[in-house]
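Right, one structure below, let's go through it.
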Amino acid sequence: MFNIFGTKISPFSLISPMQVEERLQGGATLVIDVREPYAYAEWHIKDSKLIPLGQLNNITNLLCSKYHEIIVVCESGNRSHFAAGQLVLLGFTKVANLKGGLRNWLKSGFQVEMWIDKEHVK
1 MFNIFGTKIS PFSLISPMQV EERLQGGATL VIDVREPYAY AEWHIKDSKL
51 IPLGQLNNIT NLLCSKYHEI IVVCESGNRS HFAAGQLVLL GFTKVANLKG
101 GLRNWLKSGF QVEMWIDKEH VK
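Under UniProt numbering, think of the first position of the sequence shown as 1, with each following residue one higher.
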């Protein structure tokens, strides 16, 4: 996608951890974690939904509206950048990518849910 000056523009937005937190407080945002299940199981943003990158084409079955706001996350922001582009190609119009990924989320002081192996914690 290009603007009138021929400069390439992104069809989705890049947002900060603070903006993600604000939108989550609003309640009408879906956070999709596109990492693999083992990575999601270790730690993730609370209430985020796991949809690995390779399964994104099946997302239309999970959402009733392509106008729902979606924020895509991964560990570094690279995989989620690709995923955000895929969602736009699938027809979703309100798509954002978490800038810097989950590493930046943690670095900014926001919490995640973590898996604890209770058998090995004494």
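All C-beta atoms, glycine included, are put in the ideal place defined by N, C-alpha and C.
Treat the numbers as computed from the prediction; the structure is a model and nothing was measured.
Which residues mark the beginning and the end of the alpha helix (DSSP H) in which residue i is found?
i: N104; result: 101-107
i: V20; result: 17-26
i: E36; result: It is not in any alpha helix (DSSP H) - E36 carries neither H nor E in the DSSP assignment.
Label residue i either buried or exposed according to how many other C-beta atoms from any shown protein chain fall within 10 Å of its C-beta, with 16 as the threshold for buried.
i: A96; result: buried
i: G77; result: buried
i: Y40; result: buried
i: A28; result: exposed
i: residue 128; result: Outside the shown range of the chain (1 to 122) lies residue 128, about which nothing can therefore be said.
i: L89; result: exposed
i: G101; result: buried
i: F103; result: In the sequence as displayed, the identity of residue 103 is Arg instead of Phe. When all chains shown are included, R103 counts as exposed.
i: E75; result: buried
i: P37; result: exposed
With a threshold of 8 angstroms on Cβ separation, who are the neighbours of residue i within its own chain once the five nearest residues in sequence on each side are excluded?
i: S13; result: V95, A96, N97
i: E42; result: M114, W115
What residue range is occupied by the uninterrupted beta strand (DSSP E) comprising residue i?
i: V53; result: Before going further, note that residue 53 is Leu rather than Val in the sequence given. No beta strand (DSSP E) contains L53, which DSSP labels as neither H nor E.
i: E69; result: 69-73
i: L90; result: Counting along the chain, L90 falls outside any beta strand (DSSP E), and DSSP gives it neither H nor E.
In chain order, what residues of the same chain lie with their CB nearer than 7 angstroms to the CB of residue i, ignoring the 5 residues before and after it?
i: V121; result: With a pLDDT of 44 at V121, under the threshold of 50, the modelled position of this residue cannot be trusted, and the question is left open.
Which residues in the same chain as residue i place their Cβ atom closer than 6 angstroms to its Cβ, once the five residues preceding and following it in sequence are excluded?
i: K46; result: E113
i: A84; result: F12, V72, V95, N97
Between residue i and the ligand NAD, is the CB less than 7 angstroms from at least one heavy atom?
i: S48; result: The model on display carries no ligand, and the ligand NAD is accordingly not part of it.
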